[in-house]
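Just below is one structure, and these are the notes that go with it.
Protein chains: 2
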Amino acid sequence: MENFTVYNPTRLHFGGNIINNLGTTVKQYGKRVLLVYGKGSVKKYGYYDHVVSQLQESGLEIFEYSGIKPNPIIEDVEKATIIGKQNNVEVIVALGGGSVIDSAKIISLGIASNENPWDFMTWKLTPQKAIPLVTVLTLAATGTEMNAAAVVQNHSTGQKVGYVNPLMFPKDSFLDPSFTVTVPKNYTSYGIVDLIAHSLEAFFGQGEPSVIDQITIDIIKDAIQFGPLLMDDLTNVELRAKIMLDATLALNGLTSYGKKSGDWGVHGLGHELSLLFDTPHGASLSIVYPAWLKLQKNRIPKRIIKLGKGLFGVDTVDETIEKLMAFFMKIGSPVSLNEIGLSDDSRSSILEQFKKNNVSGMHHNLNEVDHKKLVNFMLFQ
Amino acid sequence: MENFTVYNPTRLHFGGNIINNLGTTVKQYGKRVLLVYGKGSVKKYGYYDHVVSQLQESGLEIFEYSGIKPNPIIEDVEKATIIGKQNNVEVIVALGGGSVIDSAKIISLGIASNENPWDFMTWKLTPQKAIPLVTVLTLAATGTEMNAAAVVQNHSTGQKVGYVNPLMFPKDSFLDPSFTVTVPKNYTSYGIVDLIAHSLEAFFGQGEPSVIDQITIDIIKDAIQFGPLLMDDLTNVELRAKIMLDATLALNGLTSYGKKSGDWGVHGLGHELSLLFDTPHGASLSIVYPAWLKLQKNRIPKRIIKLGKGLFGVDTVDETIEKLMAFFMKIGSPVSLNEIGLSDDSRSSILEQFKKNNVSGMHHNLNEVDHKKLVNFMLFQ
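Just so you know, the protein sequences line up as chains A and B, in that order. When we follow the numbering used here, the leftmost residue of the first sequence carries the number 1, and every step to the right adds one. When we follow the numbering used here, the leftmost residue of the second sequence carries the number 382, and every step to the right adds one.
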C-alpha cells in the first residue's frame with residue numbers, strides 16, 4: 001500500500017426531504033447568498049422554487065447567477081464572481097449537477113480574492129481562502145458534491161482544466177434522490193458512465209491492490225446492476241438513490257485510499273473531445289475507456305482481468321472489454337466517435353489536440369503513437 | 382435506503398514514516414501538549430521516544446498522563462483532565478490503542494470545560510467544546526482514530542458507557558502500520574475480531590441493503606483472508622497495514638451509510654462481560670457474536686445467509702455461524718465463556734448484569750428470555 005492521506009470535511013445530507021434543512025444550514029455561514037444554477041431545468045421542475053423558499057424562510061437575501069453550461073466555461077465563473085463581490089455575498093448555494101457545482105467552487109475562490117480565478121486553476125496563483133459553498137445536487141455523476149475538485153473550460157486558451165484544492169470542499173451537500181428523477185435518459189446514462197469511469201481511474205492508478213480494489217469493484221458492480229433498471233424506470237427514487245450514492249462513493253476519496261494517484265488518462269482524453277466537439281463528459285468517457293483498455297491490453301493484462309473477473313466473472317482481457325462496451329451500449333452511451341457523428345476526417349484535429357495539451361495519464365503514460373492507436377480504436381470500435 | 386448524514390473531518394495520515402509530520406501537525410493547534418498513553422509498552426518498543434522527539438523538534442512543551450488501562454476507566458480520565466487543566470495544555474496527543482484514544486477524547490471535553498467529564502458521557506450535561514486531539518495509533522481494532530465515539534468504564538456505578546459527539550473527532554490521526562508490529566498475538570486477534578464485529582453491527586443495523594452491504598462484507602472478507610496470515614507473521618508490515626485499514630473502514634462511518642442505525646446489541650452484551658470479568662473487548666465479542674447469531678437464527682435467516690454467502694460462499698444460517706466461529710477459533714479468540722475460565726456458576730451474575738443495564742440492540746431488541754438463551758449459547762458453544 002502507498003502512503004496516503006484521507007481528508008474530507010464535507011457534510012453530506014442524503015435522503016428524501018433532506019432539503020428542509022437547507023435554510024438553517026446555509027444561514028450559519030451568512031445572510032447574503034449567491035445562488036448559482038444552470039440553464040433553467042431547475043426552474044422547470046420546481047427545484048429552484050423549493051430551494052428559494054427554503055432560503056427565504058430562513059430570512060436569507062438571495063443574489064443569483066444563472067446560465068452555467070453543461071461543459072462549464074471560465075467566462076461564467078468570472079461573471080458570477082463579479083456579481084458575488086458586488087453584492088458582498090457570504091455564502092454560495094450551487095443548485096445543479098457537476099458543471100454548476102464545479103463552477104461554484106471556483107467562484108468561491110474568486111469571491112474571496114482579488115485575482116482572476118483562472119489564474120488559480122492554471123497554478124499561476126495560489127488561493128488563500130474561499131467563501132463557504134453549500135450544494136444541492138440534481139445530477140448523480142461527477143462526485144463533485146463531496147470532493148475538492150473542479151473542471152472548467154477556457155475556449156480562449158483551448159484548455160479544459162481540472163483543479164483540486166481543499167479550500168473547495170463544499171461545507172454541506174444536500175442529496176435528495178428525488179431531485180434527480182427528471183434527469184433525461186441520455187444524461188442519466190452519462191452519469192452512470194462517469195461514476196464508473198471515476199472508479200476505473202482509481203482502479204488503474206498507482207499503488208498495490210488492497211481492500212479498496214474490491215470496494216471499487218463493488219461500486220462499479222452496483223452501477224452495472226442497477227443502472228439498466230434505472231434506464232427503464234427513470235422516476236424510480238430508490239434506483240436514483242442507489243446511483244446517487246455510487247456516484248458520490250466513486251469520487252469522494254475512498255477509491256484512492258492506499259494509492260499514490262489515480263490514472264486520469266481517460267479523463268484527459270475525454271476532456272479534449274468535449275473541448276473540440278462539445279461532447280457530453282460521460283459520452284466522451286464511454287468512447288475513450290474501451291479504446292484505452294485495448295491500448296493497455298498487453299501492458300497490464302492481469303489488472304484488466306482482475307476487473308473483468310470482479311465485474312463480470314470473465315477471465316480474459318478481451319471479454320472484459322467486450323462486456324464493458326456492451327454495458328455502455330446497453331445504457332445508451334456511445335462507444336465510438338462515429339456514434340457522435342464523427343468520421344475519419346476528425347482524426348487529425350483530435351490528434352493535434354491530444355498533442356497540443358500533451359494528454360497522458362498520471363500512472364500510465366501516453367505518447368503520440370499511443371494517441372494514434374487510441375483514435376483508431378475510438379473510430380472503429 | 383434510510384436518510385443519513387456523512388460527516389467525518391478527521392485527517393488521516395497513513396503509511397510508513399508518516400510520524401515525521403507529527404510535530405508540525407500538532408504545533409498548529411498549540412504549544413502546550415498533553416501526551417496521553419498507557420502502561421508502558423509504548424516506551425518498551427520505542428514509540429514513545431519517537432513521538433516525544435518529534436514533538437520536541439517542533440519546540441512543543443510536553444505534559445504527560447500515563448497508565449490508561451486496556452478497559453479504560455473514568456478515574457484516569459478525571460486525573461488526566463486535572464493535569465491538563467493545571468498546565469493549560471492546548472492540544473492532546475494520544476499514543477496508543479482504543480483505550481488511550483477513547484480516554485483522550487473524553488479528556489479533550491473535560492479540559493475545555495469546568496464539568497466532570499462523566500456527566501457528558503451519561504448525558505447529564507452537554508459539552509460545548511473540546512481541545513484539539515491528535516492520535517498516534519498503536520493497535521488496529523476499534524476504529525476510534527477516525528470517529529467521534531468513546532467507551533469508558535465506571536466501576537463505581539457499574540457501567541461501561543459508549544458516547545458519541547462530533548466534538549470528539551480527532552483532528553489528525555497518524556497510522557503507521559509499523560507501530561503495530563509489536564502488538565502481541567492475543568491482542569492482534571482481538572483487534573481483528575473487533576473490526577469484524579463493528580462491520581457486523583452495521584450489517585445487522587436498521588436500513589434496506591445498498592452497495593454498502595457489499596462493501597461491509599468485503600471489509601470483513603479482507604480481515605478473514607489476511608488476519609490468519611498476520612497471526613503467523615506478526616511483524617509483517619504489509620499485513621499489519623491491511624488490517625489497520627480494515628479496522629478504520631469498519632467504523633469510520635462508511636459501513637453505516639444508508640442505515641438508520643447499527644445494531645450494537647453484541648457490543649452492549651460484550652461490554653457487560655468486560656465490566657464483570659475484565660474480559661478484553663475483542664475476546665468478549667468473539668464469544669457473544671456466535672451466540673447472538675444463534676438467537677437470531679429464525680428471526681433474520683435471510684440476512685444471516687446473505688452474510689454467509691458473501692463471506693464464505695455457504696447457503697445456510699448454521700454454516701454461516703459455524704464458519705464464523707471457526708474463524709474466531711483459528712485466530713485464537715475465545716468463542717465460549719468456558720474458554721475465559723467461566724462456568725455455569727457465573728450464569729446468574731451475568732444475567733443480573735444484563736438485566737441491570739437493560740442490554741439490548743438498537744434494531745434487534747433483546748428481552749430477559751433472550752438474555753437467558755444468549756448466556757446458554759455462550760456457555761456451551
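For every residue, glycine included, the Cβ atom is placed at its ideal position computed from N, Cα and C.
Can you tell me whether DSSP reads residue i as helix, strand or coil?
i: Asn633(B); result: coil
i: Thr386(B); result: strand
i: Gly588(B); result: coil
i: Leu723(B); result: coil
i: Gly97(A); result: coil
i: Ile73(A); result: strand
i: Met378(A); result: helix
i: Asp232(A); result: coil
i: His752(B); result: helix
i: Tyr428(B); result: helix
i: Leu666(B); result: helix
i: Ala112(A); result: coil
i: Asn567(B); result: helix
i: Pro127(A); result: coil
i: Gly713(B); result: coil
I'd like to confirm the pairing. Which residues does DSSP put opposite residue i in its beta bridges?
i: Gly162(A); result: Val151(A)
i: Ile62(A); result: Val33(A)
i: Arg11(A); result: Asp172(A)
i: Leu514(B); result: Ile473(B)
i: Ser642(B); result: Gln587(B)
Is residue i close to chain A? Criterion is C-beta to C-beta, closer than 9 Å.
i: Ser591(B); result: yes
i: Gln595(B); result: yes
i: Lys736(B); result: no
i: His579(B); result: no
i: Ala622(B); result: yes
i: His394(B); result: yes
i: Leu630(B); result: yes
i: Glu653(B); result: no
i: Met527(B); result: yes
i: Leu635(B); result: yes
Taking 9 Å as the threshold (beta carbon to beta carbon), is residue i in contact with chain B?
i: Met1(A); result: yes
i: Tyr29(A); result: no
i: Pro72(A); result: no
i: Lys221(A); result: yes
i: Met168(A); result: no
i: Asp194(A); result: no
i: Thr142(A); result: no
i: Phe4(A); result: yes
i: Ala149(A); result: no
i: Ala112(A); result: no
i: Asn165(A); result: no
i: Asn17(A); result: yes
i: Glu201(A); result: no
i: Pro9(A); result: yes
i: Gly262(A); result: no
i: Asp218(A); result: yes
i: Leu379(A); result: no
Under the rule that 16 or more other beta-carbon atoms within 10 Å means buried, what is residue i, buried or exposed?
i: Ile111(A); result: buried
i: Phe501(B); result: buried
i: Asp696(B); result: exposed
i: Asp345(A); result: exposed
i: Asn452(B); result: buried
i: Asn147(A); result: buried
i: Trp504(B); result: exposed
i: Gly84(A); result: buried
i: Pro621(B); result: Going by the sequence as given, residue 621(B) is Arg instead of Pro. Buried.
i: Arg680(B); result: exposed
i: Pro127(A); result: buried
Just to check my reading of the structure: residue i and residue j have Cβ atoms closer than 8 Å, yes? What is that Cβ distance to the nearest angstrom?
i: Ile473(B); j: Leu415(B); result: 5 Å
i: Pro715(B); j: Ala672(B); result: Not quite, the Cβ-Cβ distance comes to about 12 Å (not below 8 Å), so this is no contact.
i: Phe584(B); j: Leu688(B); result: 6 Å
i: Ser53(A); j: Asp76(A); result: With a Cβ gap of about 25 Å, Ser53(A) and Asp76(A) do not count as contacting.
i: Gln153(A); j: Leu275(A); result: 6 Å
Checking contacts by CB at 9 Å: is residue i closer than that to chain D?
i: Asp613(B); result: This model lacks chain D altogether; the protein chains it does include are A and B.
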